[in-house]
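Numbering-wise (this note's numbering), the sequence shown opens with residue 463 and increments by one. All residues carry an ideal CB built from backbone N, CA and C; glycine is no exception.
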Amino acid sequence: MSNDPLFGLHGQALELRAQRMSMIASNIANAATPGYKARDLDFGQALDAAQRGADTNAAMKYRTPLQASLDGNTVEISSEQTAFAENAVQYRTTLSFLNARIATVQRALKGE
Numbered sequence: 463m464s465n466d467p468l469f470g471l472h473g474q475a476l477e478l479r480a481q482r483m484s485m486i487a488s489n490i491a492n493a494a495t496p497g498y499k500a501r502d503l504d505f506g507q508a509l510d511a512a513q514r515g516a517d518t519n520a521a522m523k524y525r526t527p528l529q530a531s532l533d534g535n536t537v538e539i540s541s542e543q544t545a546f547a548e549n550a551v552q553y554r555t556t557l558s559f560l561n562a563r564i565a566t567v568q569r570a571l572k573g574e
């Protein structure tokens, strides 16, 4: 979907939002794992890279915790939950836009 001119930027954005959601969910799942380093995706940087056809892995960053944990884990559950909720809203917004675009194309194909 990311290379389709019908979806363009929004197709790429949806894929990146899903990737970011997976990373944040992994952070939450590892909140009690000693030494786990929380990661996130710099969405803007990743989207720019995807549009240029470049690798988006450079946009993956480790989070810097506000308060260090004694066991080396950098997951701050409240920050992760907030990031997850914000990303979920943005994901749904992008998905709604794509659904509207698809519905418009379907109506055009039916001659409505």
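CA-to-CA distance, residue j to residue i, given in whole angstroms
{"i": "R482", "j": "L571", "result": "34 Å"}
{"i": "R410", "j": "L532", "result": "Residue 410 lies beyond the stretch modelled for the chain, which goes from 463 to 574, so this question has no answer here."}
{"i": "M463", "j": "E574", "result": "In this prediction, M463 has a pLDDT of 48, which is less than 50 and means its spatial position is unreliable; what the coordinates show is noted afterwards. Approximately 25 Å, taken between the alpha carbons."}
{"i": "I490", "j": "P467", "result": "35 Å"}
{"i": "A493", "j": "A550", "result": "20 Å"}
{"i": "L478", "j": "Y498", "result": "23 Å"}
{"i": "T556", "j": "A480", "result": "11 Å"}
{"i": "D517", "j": "Q529", "result": "32 Å"}
{"i": "V519", "j": "G506", "result": "The identity of residue 519 in the sequence shown is Asn, whereas the question assumes Val. About 13 Å."}
{"i": "V567", "j": "S488", "result": "36 Å"}
The beta strand (DSSP E) enclosing residue i, as first and last residue numbers
{"i": "D533", "result": "Here D533 belongs to no beta strand (DSSP E), and DSSP marks it neither H nor E."}
{"i": "K523", "result": "M522 to Y524"}
Beta-carbon spacing of residue i, residue j below 8 Å
{"i": "F469", "j": "R569", "result": "no"}
{"i": "L471", "j": "L560", "result": "no"}
Start-to-end residues for the alpha helix (DSSP H) that takes in residue i
{"i": "D504", "result": "Counting along the chain, D504 falls outside any alpha helix (DSSP H), and DSSP gives it neither H nor E."}
{"i": "A494", "result": "Taken as a continuous stretch (DSSP letters only), A494 belongs to no alpha helix (DSSP H), as it is neither H nor E."}
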